[in-house]
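Numbering-wise (this note's numbering), the sequence shown opens with residue 1 and increments by one.
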Amino acid sequence: MKRHPISITALLIVASVLAIPLNAQDDTPPAVQVDILTLDDRSYPHVAAYLTVIDTNTQEPINNLGAEDFLVTINGQDTLSIDDVEAGAASNRPVHLLVVLDLTSSITATEFEHMRDAAGLLIASLDVQDQVGIVTMDHRQVDLLQPLSPDHNAAINAMHLSGLSPVVNRSGNVVGDGIYRAVEALVTPAPQVRPTVVVFTDVPADSIGGDQDLDAVRALALERDTVIHVVYFETEDAEGEVVEGQTAVELAMLARDTGGVMVTHPGETRDDSEPKNYDDDAYLPEMAQVIANILETEYRVSVTLPLPANDTTHSLSVVAAARGVLSPVAQTAFIARSGFIELRFAELENGQHLTLPHTLRVDVVAPGLELDTLKLERVDSRSGRVLPLADLDPASPSYTLTPDMIDDSLLTLRISARDELGNEGERYLTLIVENPGGISTDSPAPNGEVETTSSAESEADNETVLWVALAIVGIGVLGSVISLAIFGVYRRRWGEDEAFEQAPVPSTPPAASPALSARVVPKPVWNDPLEADTQPQAEDEGNTARVGLVPRALLVGGEDEEYPLYEGENTIGRHSSNMVQILDASVSRYHAVIEIHEGNAQYMDWQATHPSRINDQAVPEGQRITLTNDDQIQLGVSTLRFIWRD
1 MKRHPISITA LLIVASVLAI PLNAQDDTPP AVQVDILTLD DRSYPHVAAY LTVIDTNTQE
61 PINNLGAEDF LVTINGQDTL SIDDVEAGAA SNRPVHLLVV LDLTSSITAT EFEHMRDAAG
121 LLIASLDVQD QVGIVTMDHR QVDLLQPLSP DHNAAINAMH LSGLSPVVNR SGNVVGDGIY
181 RAVEALVTPA PQVRPTVVVF TDVPADSIGG DQDLDAVRAL ALERDTVIHV VYFETEDAEG
241 EVVEGQTAVE LAMLARDTGG VMVTHPGETR DDSEPKNYDD DAYLPEMAQV IANILETEYR
301 VSVTLPLPAN DTTHSLSVVA AARGVLSPVA QTAFIARSGF IELRFAELEN GQHLTLPHTL
361 RVDVVAPGLE LDTLKLERVD SRSGRVLPLA DLDPASPSYT LTPDMIDDSL LTLRISARDE
421 LGNEGERYLT LIVENPGGIS TDSPAPNGEV ETTSSAESEA DNETVLWVAL AIVGIGVLGS
481 VISLAIFGVY RRRWGEDEAF EQAPVPSTPP AASPALSARV VPKPVWNDPL EADTQPQAED
541 EGNTARVGLV PRALLVGGED EEYPLYEGEN TIGRHSSNMV QILDASVSRY HAVIEIHEGN
601 AQYMDWQATH PSRINDQAVP EGQRITLTND DQIQLGVSTL RFIWRD
């Protein structure tokens with residue numbers, strides 16, 4: 001999307017209205033802004049423009065417009081008839097979101113907690129088809145805390161890692177590097193997805209640091225059709241006073257230029273605090289909700305263009321009429337393509353769980369044209385590098401993936417093609433591999449570690465810190481293993497708002513998982529504790545901690561599929577730390593809980609991606625269902641019967 005240059009005076013005028021406070025007055029005259037996020041011209045002459053329409057006074061998305069409310073022209077003169085206007089779930093592209101958290105020393109502990117909660121609520125608002133990752137930045141380095149993934153829980157849990165907090169008494173920042181890294185990590189291009197970066201920061205004006213300046217960030221974002229939103233809270237000095245006039249206008253302009261918004265809220269001092277504490281950060285969840293509302297709304301405006309298909313470039317302009325006013329003209333470019341290659345991964349969808357080996361099949365739509373190349377590649381989830389897998393036969397494009405080829409549970413594939421006339425096409429697909437077996441030689445950090453990039457002056461120091469940290473972690477892990485081997489620890493809790501005890505593993509919820517995600521529900525809380533004589537006694541590390549207990553019930557599936565259920569909590573899921581492990585890719589890692597107590601059994605979904613079904617009825621989120629003998633329980637595609645034992 002290209003924009004015309006404007007004068008410095010105009011920049012200052014525009015900047016004064018870009019960062020509109022969240023509580024803007026209702027009587028402010030409406031100002032409507034159209035942003036063309038991307039344009040899909042691959043099926044020329046049929047073209048689709050993806051756009052948002054926002055009231056810039058309130059930063060509220062306008063989502064009730066129809067074809068009669070848009071005016072579309074080409075080359076600034078020819079008005080087009082609109083074929084269709086769609087909005088909502090039917091037309092929304094999957095959101096690929098990178099959340100950037102500011103961990104510089106200007107962020108207080110309270111601000112950090114509010115920022116983390118706000119980011120969690122933003123992630124919770126995403127749809128199941130969306131993907132999310134986390135980037136952090138402090139005074140000198142940028143961390144890819146969580147690569148882009150369909151696993152929303154992993155992103156939320158990454159923000160609650162032990163030791164993650166703002167730095168103390170360290171000046172400077174690398175905000176430019178942090179935002180650039182986030183844009184860079186969004187590898188799947190538009191229009192297939194909706195690449196988005198949301199930055200939480202309080203960096204003051206004229207102090208954006210890092211090797212990458214905002215001009216470089218802007219250029220990369222525009223090249224990739226990536227929208228940047230900023231959630232901004234006021235900068236305070238050492239005495240807690242708000243520094244007037246220090247709002248980062250540069251970030252407001254960056255958001256505006258990429259089709260995003262900058263959300264702020266005026267802080268009010270707390271009279272009894274010393275030093276003073278301006279509470280604008282307490283509104284961070286509310287501010288993040290503004291961004292969430294925008295991400296839920298997207299128009300797809302479809303038109304048929306009358307120009308000849310000769311691979312020439314033209315301009316397309318859109319104006320919207322909303323709330324009694326006309327928007328400024330939004331303009332982008334398109335190519336009158338003479339041909340395009342459409343590629344699809346057959347029988348696979350983004351975010352799907354996959355057990356290897358698996359044979360990939362590719363559908364190629366290139367009528368009348370012979371393909372010169374058809375390549376299958378994978379994208380490293382941390383470095384972003386595209387790595388070759390195979391050159392496919394266009395006549396029968398298929399390829400078998402085996403566990404030894406894949407070193408990470410998160411697998412992003414890219415298929416690309418080029419025909420004899422130079423037409424090109426590509427398609428990306430992200431999968432969750434259940435049984436990766438390789439060892440990465442490309443990623444700069446082992447799977448499960450945080451990838452760190454630093455500014456030039458601190459590279460040597462960072463390397464030393466990294467090796468020391470790895471050594472400490474290794475010693476800690478070894479100590480934990482030895483302790484478990486000696487004592488065979490098994491702990492159970494009743495009536496506590498804590499998660500089940502389990503070993504932390506990459507991309508799975510840790511023990512202190514917060515209930516922020518729509519896909520995370522608290523475990524059942526039971527009122528009566530177990531009697532001491534019913535507590536399980538573990539005898540060795542390999543024991544399931546049920547020695548000495550008699551099963552109270554069974555879950556019975558297919559042939560030789562029988563799972564004992566004991567007094568107390570019985571966790572069910574795909575991960576090996578569950579009491580009942582179901583090796584089915586459609587079952588979540590920590591799917592559900594069956595609680596047996598004093599002759600009663602109750603069932604509750606725990607962290608199920610999709611709700612369980614009991615006797616063909618969906619289990620309501622957060623509710624406990626009393627089980628009776630011979631109840632049919634469906635988890636994913638697995639069906640089990642609940643049987644009481646005499």
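Even glycine gets a Cβ: it sits at the ideal position worked out from N, Cα and C.
{"Query": "Is it true that the CB of T373 sits closer than 8 Å to the CB of E434?", "Result": "no"}
{"Query": "Nearest to N653 by CA position, among Y563, D78 and A321, is which residue?", "Result": "The chain is shown from 1 up to 646; residue 653 falls before or after that span and cannot be answered."}
{"Query": "Mind checking which residues open and close the alpha helix (DSSP H) that includes H114?", "Result": "A109 to A124"}
{"Query": "Looking at the unbroken alpha helix (DSSP H) that takes in G176, where does it start and where does it end?", "Result": "V175 to E184"}
{"Query": "Taking DSSP as the reference, what is the three-state secondary structure of Q289?", "Result": "helix"}
{"Query": "In angstroms, rounded to a whole number, what distance separates the CA positions of D391 and V362?", "Result": "12 Å"}
{"Query": "Have a look at the DSSP bridge pairing and note the partners of Y399.", "Result": "L360"}
{"Query": "If T402 sits next to P357, beta carbons under 8 Å apart, how far is it from one beta carbon to the other, in whole angstroms?", "Result": "5 Å"}
{"Query": "Quick check: the segment 421-429 against the segment 330-348, are there 3 or more CB pairs under 8 Å?", "Result": "yes"}
{"Query": "In chain order, what residues of the same chain lie with their CB nearer than 6 Å to the CB of L305, ignoring the 5 residues before and after it?", "Result": "P45 and V47"}
{"Query": "In whole angstroms, what separates the C-alpha of R382 from that of A219?", "Result": "22 Å"}
{"Query": "How many angstroms separate the CA atom of G88 from the CA atom of E296?", "Result": "7 Å"}
{"Query": "Which residues in the same chain as V217 place their Cβ atom closer than 8 Å to its Cβ, once the five residues preceding and following it in sequence are excluded?", "Result": "G176, I179, Y180, V183, I228 and L254"}
{"Query": "Less than 6 Å between C-beta atoms, sequence neighbours within five positions excluded: which residues of the same chain meet that for G437?", "Result": "P403 and D404"}
{"Query": "Quick check on this structure: which residue in T258, D257, L251 and T247 has the alpha carbon closest to the alpha carbon of P266?", "Result": "T247"}
{"Query": "How about G259 and T52: are their beta carbons less than 8 Å apart?", "Result": "yes"}
{"Query": "In the DSSP assignment, what residue or residues form a beta bridge with T705?", "Result": "Any property of residue 705 remains undetermined from this structure, which presents the chain solely from 1 to 646."}
{"Query": "Take A185 as the anchor and find which of Y50, H139, I291 and V132 has the nearest alpha-carbon.", "Result": "V132"}
{"Query": "For the beta strand (DSSP E) holding R194, just list the boundary residues, first then last.", "Result": "R194 to T201"}
{"Query": "For the alpha helix (DSSP H) that M137 lies in, which residues bound it at each end?", "Result": "Per DSSP, M137 belongs to no alpha helix (DSSP H); it is in the beta strand (DSSP E), Q131 to M137."}
{"Query": "How many angstroms separate the CA atom of H114 from the CA atom of H96?", "Result": "23 Å"}
{"Query": "In angstroms with no decimal places, state the Cα-to-Cα distance between V231 and E370.", "Result": "49 Å"}
{"Query": "Among S317, D211, D127 and I107, which has the Cα closest to the Cα of Q77?", "Result": "S317"}
{"Query": "On a CA-only basis, which of D138, D84 and A154 is nearest V303? Give me that one, please.", "Result": "D84"}
{"Query": "What are the start and end residues of the beta strand (DSSP E) that includes D211?", "Result": "Taken as a continuous stretch (DSSP letters only), D211 belongs to no beta strand (DSSP E), as it is neither H nor E."}
{"Query": "Go ahead and pull the three-state DSSP assignment for R140.", "Result": "coil"}
{"Query": "Among the candidates D419, V167 and L148, whose CA atom is the shortest distance from the CA of A647?", "Result": "Look at the range of the chain in this structure, 1 to 646, and you will see that residue 647 is not part of it."}
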